[in-house]
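A.B. asks: Below you'll find the structure I mean.
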Amino acid sequence: MDLFDPTYGTMGSVVRRVRRTSQPEANERLPPGVEEVISRGSCYIGRLNDRIVLKYASDLNDLGFLKSIRVERRILQIIGPHPRIIQSMGLVEDGLILKYYPNGTLHNFIQAHPDERLERRLEWCKQLVDTLSFVHSKRVIHCDICLQNIFLDENFNIILADFQGLFLSSVSGQPLLDGMTRECAKAYMPRENLYVVNVQTDLFAVGSAIYHIIAGHEVFPELDSINDEDVITARFINGEFPNNDYVASHIVEKCWRGEYSSAAEISADIAAVQAAAEDVAEELRRRDVDMEFDNEEYEQYEEKEEQDKDEEEDAEYDEEEDAEYDEEEDAEYEYDDEEDEEVL
1 MDLFDPTYGT
11 MGSVVRRVRR
21 TSQPEANERL
31 PPGVEEVISR
41 GSCYIGRLND
51 RIVLKYASDL
61 NDLGFLKSIR
71 VERRILQIIG
81 PHPRIIQSMG
91 LVEDGLILKY
101 YPNGTLHNFI
111 QAHPDERLER
121 RLEWCKQLVD
131 TLSFVHSKRV
141 IHCDICLQNI
151 FLDENFNIIL
161 ADFQGLFLSS
171 VSGQPLLDGM
181 TRECAKAYMP
191 RENLYVVNVQ
201 TDLFAVGSAI
211 YHIIAGHEVF
221 PELDSINDED
231 VITARFINGE
241 FPNNDYVASH
251 IVEKCWRGEY
261 SSAAEISADI
271 AAVQAAAEDV
281 AEELRRRDVD
291 MEFDNEEYEQ
301 YEEKEEQDKD
311 EEEDAEYDEE
321 EDAEYDEEED
331 AEYEYDDEED
341 EEVL
């Protein structure tokens, strides 16, 4: 596949990449009802209560951000309800009301739990690509798949969020809606035109997300997504990927090389890895059981050996005692015979 073969042209708007931060900014806007700001990026997320949040523009005069929020609301309407997609409660004057997920983002969870078991990591990968497959079936391109845009529900299943991407025409394939969000450098498929997005650009980003989930850190952790953007892009173009010493590396590299045509294909490969991982886990469990059984059996064997040894020693002792007793008795009997002879 040609990475630089444009699907459609420039949209005439400006795509901005804003660094996410948890630090409050001077004179930041706090709409009525917002108890605290829990995320700061191209848009802010303010917690209204323990059930809902408000997604709003940091600057009311920035029409681009306001448009992105309206596009997100419309795209979520088009997609419809889904257990792995963030729930929208509709627009209000200050922004978009969304469901609150107190377990936070997958990015923060993995950072706080570096020892999370492989089975759960693979399940997150599977949930992500299955959700994306559903999104693509609705002719929606997400355009910003990363762990900061994935939340965890009460059961620690993934919730895909931040739908400021594209909705495509079923006839021309041209965008009918565009929230003007694009991937960060570490999830960005190299291409001549930033605005050219399609299924493959999303699948490339999924590769970086799977890498992050399995490896526990972003691709190229020594590089900054904004300051080192050119270096990161050059590495992807030249195929200078991280060492493939992690689980599912072949899937990640196929995403980065543009060798998948759908999220469903990735899902099938992840399912195969899950099955193989389960086989290995089952074999290890079986060996542990066998080892415990063998150890117990060996202890019983040793115990029996000791008993047999004791019984043999007791038997030998008894035989020696009997032999000595018989010899003494015989000697006494012979002596008696001699005495009888003398008497006779």
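In UniProt numbering, the protein residues as written are 1 to 344. Note that CB positions come from ideal geometry on N, CA and C, so glycine has one too. As the structure is a prediction and not an experimental result, all values here were calculated from the model.
1) How is Tyr301 classed by DSSP in three states: helix, strand or coil?
2) Output yes or no for whether 8 Å exceeds the beta carbon distance between Val71 and Asp144.
3) If contact is defined by three or more beta carbon pairs under 8 Å, each pair taking one atom from either stretch, is the region 96-110 in contact with the region 68-88?
4) Mapping DSSP to helix, strand and coil, what is Lys138?
5) State buried or exposed for His136, treating a residue as buried only when at least 16 other CB atoms are found within 10 Å of its CB.
6) Which same chain residues end up closer than 8 Å to Asp153 when comparing Cβ atoms and leaving out the 5 residues on each side of it in sequence?
7) Keeping to the same chain, check which residues put their C-beta closer than 6 Å to that of Tyr211; ignore five residues upstream and five downstream.
8) Identify the continuous beta strand (DSSP E) that holds Leu76 and give its terminal residues.
9) Would you say the region 112-121 touches the region 192-203, given that touching needs at least three Cβ pairs under 8 Å?
10) Would you say Val199 and Ile266 are within 8 Å of each other, going by their C-beta atoms?
11) Buried or exposed: which applies to Phe156, given that a residue is buried once 16 or more other Cβ atoms fall within 10 Å of its Cβ?
12) Which parts of the region 187-221 are runs of the alpha helix (DSSP H), unbroken and 4 residues or longer, counting only runs that do not cross its ends?
13) Counting only the same chain and skipping the five closest in sequence on each side, list residues whose C-beta sits under 8 Å from that of Val197.
14) Ser39 lies in the beta strand (DSSP E); which residues open and close that run?
15) Taking only the alpha-carbon atoms, compute the straight-line gap between Ser170 and Phe134 and give it to the nearest angstrom.
16) Who are the near neighbours of Met1 in its chain, counting only those whose CB is closer than 7 Å to its CB and skipping five residues on each side?
17) When we look at the beta-carbon of Pro221 and count the other beta-carbons within 10 Å, is it buried (16 or more) or exposed?
18) Throw me the rounded Cβ distance for the Ile232 and Cys125 pair, which I believe falls under 8 Å.
19) Tell me the rounded alpha-carbon separation between His245 and Glu278.
20) Who are the Cβ neighbours of Gln127 in its own chain at under 7 Å, not counting the five residues just before and after it?
21) Going by other Cβ atoms of all chains shown within 10 Å of its Cβ, with 16 needed for buried, is Gly46 buried or exposed?
22) DSSP puts Val92 in a beta bridge; with which residues?
C.D. replies: Checking against the coordinates, here is how it stands:
1) Because Tyr301 sits at a pLDDT of 48, beneath the cut-off of 50, its placement in the model cannot be relied upon, and the point is left open.
2) no
3) yes
4) coil
5) buried
6) Tyr101, Asn103, Ile159
7) Val219, Val252
8) From DSSP, Leu76 is part of no beta strand (DSSP E) but of the alpha helix (DSSP H) over 63-79.
9) no
10) no
11) exposed
12) 199-215
13) Thr7, Ile141, Cys143, Gly165, Leu166, Arg182
14) 36-40
15) 16 Å
16) Confidence in Met1 is poor, its pLDDT being 35 and thus under 50, which makes the residue's placement unreliable; the coordinate value appears in the next sentence. So the list reads Gln200, Gly258, once near-sequence residues are dropped.
17) exposed
18) Ile232 to Cys125, Cβ: 22 Å. No contact.
19) Note that residue 245 is Asp in the sequence shown here, rather than His. The alpha-carbon atoms of Asp245 and Glu278 are separated by roughly 19 Å.
20) Arg84, Asn157, Ile158
21) buried
22) Gly95
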